[in-house]
Amino acid sequence: MAQPACDVAIVAVVYEGIARRLILNLKYRNHRRVATVLAELLAQRIDLRVPSNSSKFDVVTWAPTSTARIRRRGHDQSELLARRLAREIGVPCRRL
């Protein structure tokens, strides 16, 4: 049997209410600070603030958006979030 593509996936917030509004502001209004806030929340959620725990994860990555969307929005919000999370928890960030 083949190895799974990843061992774990964890969410920072439920996509509703204020969290939904923040994510939409990141995606469509270029509010990049939201990526930092979400990365901090996700780091807390997965309890990786302690450097000794960071060895549990090899890499942070993201599902890339289309070139057309990047041109329209001016950024790839998933990449922004992934890069900030990787910095927060001290592991490499790599494109798929």
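In this note's numbering, the protein residues as written are 9 to 104.
No residue lacks a Cβ here, since even glycine has one placed at the ideal position from N, Cα and C.
Since we're looking at a predicted model, the values are computed, not measured.
Using the Cα positions of residue i and residue j, report the straight-line distance between them to the nearest angstrom.
{"i": "residue 52", "j": "residue 76", "result": "33 Å"}
{"i": "residue 24", "j": "residue 85", "result": "18 Å"}
{"i": "residue 71", "j": "residue 10", "result": "21 Å"}
{"i": "residue 12", "j": "residue 29", "result": "33 Å"}
{"i": "residue 64", "j": "residue 54", "result": "11 Å"}
{"i": "residue 17", "j": "residue 66", "result": "13 Å"}
Does the beta-carbon distance from residue i to residue j come in below 7 Å?
{"i": "residue 33", "j": "residue 82", "result": "no"}
{"i": "residue 92", "j": "residue 47", "result": "yes"}
{"i": "residue 68", "j": "residue 94", "result": "yes"}
{"i": "residue 104", "j": "residue 43", "result": "no"}
Closer than 7 Å by C-beta to residue i: which residues in its own chain qualify, once you throw out the five before and the five after it? Chain order, please.
{"i": "residue 62", "result": "In this prediction, residue 62 has a pLDDT of 49, which is less than 50 and means its spatial position is unreliable; nothing more can be read from the coordinates."}
{"i": "residue 73", "result": "84 and 86"}
Identify which residue in the options has its Cα closest to the Cα of residue i.
{"i": "residue 19", "options": "49, 35 and 85", "result": "49"}
{"i": "residue 45", "options": "54, 31 and 36", "result": "31"}
{"i": "residue 80", "options": "17, 13, 36 and 22", "result": "36"}
Please work out which residues of its chain come closer than 6 Å, Cβ to Cβ, to residue i, disregarding the five sequence neighbours upstream and downstream, and give them in chain order.
{"i": "residue 21", "result": "27"}
Note down, in chain order, each residue of its chain lying with its Cβ closer than 8 Å to the Cβ of residue i, except the 5 sequence neighbours on either side.
{"i": "residue 40", "result": "34, 83 and 88"}
Checklist line | Runs of alpha helix (DSSP H) lying entirely within the segment 25–100, each at least 4 residues, in chain order | finding: Correct list: 25–37, 41–53, 75–81 and 85–97.
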